[in-house]
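Here's the structure we're looking at; comments come further down.
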Amino acid sequence: MTPEGKEPIERVVVAAVSGGPDSVYLLLGKLAREKGTRIVIGHVNYGTRGIESNKDQKLVENISKRYRYKIEILTSTIEAVAGKPKGGSVSSGNFPAGFEKKAREIRYRFLKDLAADVGAEAIALAHTADDQVETILMRVFEGAGIGGLKGIPRESADGVVRPILVVWKEDILEYLKKRKIPYRIDRSNVDTRFERNWVRHVLIPLLEKRYGKAVKKRIFTLGERFRELDDYLEGEAGRWIRRNVKGVQAARSAGAPRGKEKSGLAENDGVAFPRKSFSALPSVLRVKILQRICFDRLGVAPNERLLAAMDGNVTKGGPSGGVNAGKGWKLANRYDEALFLQRENGRDRKPAGSAPGKMPILMAAPGEYDIPPGRDGRTVSFAWEFGGKRTPAQAKRLAAKRDAEMFDAAGLKSPLAVRPLRAGDRIRPFAGSADRSTRGGEKKVKEILIDRKIPRDDRWGRPVLCDAEGAILWIPGVLRSGLAPVTPATRKTAILRIRSTK
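My numbering puts the first residue of the sequence shown at 1167, with every later residue one more than the last.
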């Protein structure tokens, strides 16, 4: 009875029991000792080991009968799970390709259905500390990130719990031996053709021989440190996302009116965040932020390689860089912002208000000129200012920022103008370009954009700066021309900048 005189609330748990030592210990050494817990056993018999599988089932049935636990059993065959085995019988170990994965899916679905039927609040699995060590090592070899190196979670969002994840196998066997509790041994667990078995029976003994028996505990502790680090990064990523990530309404039709920012996202909308503040964060936090945006906002599960590619695009990519994120989403740079946008029929959905603005815009004198929204949906401005004598090295350092270029003022033919980039445009590339393919005479802009791997949908319509004769001076974020270069003889410079306007 509780202090209030009421019966304690009963907690119902489904225990996955195979008959092996770990699951038997989970049932009798852990769950059975918890007060106020009603246990329902779930057992799956695939028949993969013939009479041995039936003996496993019989043992679990005897345990349920002796301790009066409710039990549900799912019986199946290997053929029903993944088709007929190739090259021999099941007993010889010739399982069909993908059998383990499909069998796991069937087992989890059975346990979840059972939990729903009996009103269980949790499904208990018998993963141990040894399983954790094996998992961490396997994920190291797979190239997993921090989230993967923390190993198996103690609890999952789908109600799965692992109560003995901190218990070592040797302690489990000692407990069962001392109390003379029977259990079954699955001989397939020593087949080193399976990766986990190879790690368990080959790699770990080698590590223990080289570094001592304590090596497993050190690996386990390392996983716990990664768990703490991942939890911290999750919190920091959530705070940054709440402060910096906003919803962007996608244009529903050509020429749609400019959309207002929203705090929430409707179906097929995108998200945007500032590139500068994102790039100032540590790389591990940046990757976690991208991962959380993909998981929570887009329904995408990127791997480590894709996360690294997206991070590099935001932090180092040009103003129009982009990376396909999967499931129809693309991460695109738009000057000082990064946006996740959906693609329709292989083309990007632009933010609302992406209809081309009225251009060209004449720039008759120094000053700041607002450019209406272009295809990228951004309103930008060009600033033109004069400066004194500058060296070619200073011009190069300024150009490295990618948002400004310096010209010899005496060589500019004004008035200058800003217009959209068009198919068929040509440019005479700057002789100091690092891209050797752009050196020499005039070249088609299309070829340069292809060489720079700029997506087809991002090539045309972007603002470019031209002189009074229509020659292209500068394609921001891509290339400046060889017209009016700064040389040691330059006495007066013209600096042109492009910036986003709010």
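All residues carry an ideal CB built from backbone N, CA and C; glycine is no exception.
No experiment lies behind these values; they were computed from the predicted model shown.
Beta-carbon proximity check, residue i vs residue j, cutoff 8 Å
i, j, result
"residue 1637", "residue 1649", "yes"
"residue 1609", "residue 1586", "no"
"residue 1558", "residue 1653", "yes"
"residue 1438", "residue 1292", "no"
"residue 1527", "residue 1611", "no"
"residue 1235", "residue 1342", "no"
"residue 1413", "residue 1505", "no"
"residue 1207", "residue 1223", "no"
"residue 1642", "residue 1574", "no"
"residue 1350", "residue 1225", "yes"
"residue 1362", "residue 1308", "no"
"residue 1562", "residue 1657", "no"
"residue 1449", "residue 1477", "yes"
"residue 1180", "residue 1284", "yes"
Nearest-angstrom Cα separation, counted from residue j out to residue i
i, j, result
"residue 1471", "residue 1311", "10 Å"
"residue 1629", "residue 1445", "25 Å"
"residue 1152", "residue 1579", "Because the chain here runs from 1167 to 1668, residue 1152 falls outside it and cannot be looked at."
"residue 1485", "residue 1501", "4 Å"
"residue 1547", "residue 1495", "28 Å"
"residue 1440", "residue 1365", "44 Å"
"residue 1493", "residue 1465", "8 Å"
"residue 1662", "residue 1489", "29 Å"
"residue 1614", "residue 1508", "26 Å"
"residue 1503", "residue 1619", "20 Å"
"residue 1374", "residue 1353", "23 Å"
"residue 1187", "residue 1475", "44 Å"
"residue 1303", "residue 1355", "18 Å"
"residue 1572", "residue 1659", "7 Å"
"residue 1429", "residue 1639", "Residue confidence for residue 1429 is low, a pLDDT of 35 falling below 50, so the modelled location carries little weight; the figure read from the coordinates is stated next. Taking the straight line joining both Cα atoms gives about 40 Å."
"residue 1218", "residue 1367", "22 Å"
"residue 1324", "residue 1281", "11 Å"
"residue 1338", "residue 1185", "14 Å"
"residue 1605", "residue 1479", "Caution applies to residue 1605, whose pLDDT of 43 falls short of 50 and renders its modelled position unreliable; the value that the coordinates give is listed next. Computed Cα separation, rounded: 26 Å."
"residue 1411", "residue 1357", "49 Å"
"residue 1267", "residue 1560", "60 Å"
"residue 1189", "residue 1278", "17 Å"
"residue 1347", "residue 1201", "21 Å"
"residue 1570", "residue 1551", "11 Å"
"residue 1530", "residue 1581", "4 Å"
"residue 1655", "residue 1534", "28 Å"
"residue 1237", "residue 1176", "18 Å"
"residue 1590", "residue 1647", "16 Å"
"residue 1427", "residue 1487", "Since pLDDT at residue 1427 reaches only 36, below the 50 mark, its modelled position is unreliable, and the value read off the structure follows with that caveat. Their Cα atoms are separated by approximately 23 Å."
"residue 1395", "residue 1447", "16 Å"
"residue 1228", "residue 1216", "19 Å"
"residue 1483", "residue 1491", "15 Å"
"residue 1305", "residue 1220", "34 Å"
"residue 1287", "residue 1233", "21 Å"
"residue 1372", "residue 1393", "26 Å"
"residue 1674", "residue 1242", "This structure does not reach residue 1674, given that the chain is present from 1167 up to 1668, and the question cannot be answered."
"residue 1399", "residue 1321", "18 Å"
Supposed contact pair residue j and residue i - C-beta distance, whole angstroms, cut 8 Å
i, j, result
"residue 1330", "residue 1196", "6 Å"
"residue 1204", "residue 1178", "5 Å"
"residue 1458", "residue 1537", "In fact, because the Cβ distance is near 34 Å, the residues do not count as touching under 8 Å."
"residue 1149", "residue 1626", "Lying before the first or after the last residue shown, residue 1149 is absent from the chain, which here runs from 1167 to 1668."
"residue 1593", "residue 1645", "7 Å"
Closer than 7 Å: residue i CB and nearest the ligand FMN heavy atom
i, result
"residue 1290", "The ligand FMN is absent from the structure shown, which contains no ligand whatsoever."
Practice prompt. Let me know the beta strand (DSSP E) ranges lying completely inside the region 1462-1499, each 3 residues or longer, listed in chain order.
Written response: 1488-1492
Fill in: Contact between the region 1269-1282 and the region 1205-1222 (3+ Cβ pairs under 8 Å)
yes
Discussion item. Under 8 Å: do the region 1462-1478 and the region 1374-1393 share three or more Cβ pairs, one atom per stretch?
Written reply: no
Worksheet item: Can you list, in chain order, the stretches of the beta strand (DSSP E) that have 3 or more residues and sit fully within the region 1344-1429?
Response: 1412-1414
Fill in: Unbroken stretches of the alpha helix (DSSP H), 4 residues or longer, contained in the region 1621-1664
none
Worksheet item: Are the region 1401-1410 and the region 1449-1464 touching by the rule of at least three beta carbon pairs closer than 8 Å?
Response: yes
Worksheet item: What are the uninterrupted segments assigned as alpha helix (DSSP H) that are 4 or more residues long and contained completely in the region 1281-1355, given in chain order?
Response: 1295-1308, 1312-1315, 1335-1344
Worksheet item: Within the chosen definition, does the region 1331-1339 reach the region 1295-1311 through at least 3 CB pairs nearer than 8 Å?
Response: yes
Worksheet entry | At least 3 beta-carbon pairs within less than 8 Å: the region 1382-1395 vs the region 1301-1320 | yes
Worksheet item: Could you give the uninterrupted runs of the alpha helix (DSSP H) lying entirely in the region 1179-1222, keeping only those of 4 residues or more?
Response: 1187-1191
Worksheet item: Quick one: complete beta strand (DSSP E) runs, 3+ long, within the region 1548-1617?
Response: 1570-1574, 1582-1586
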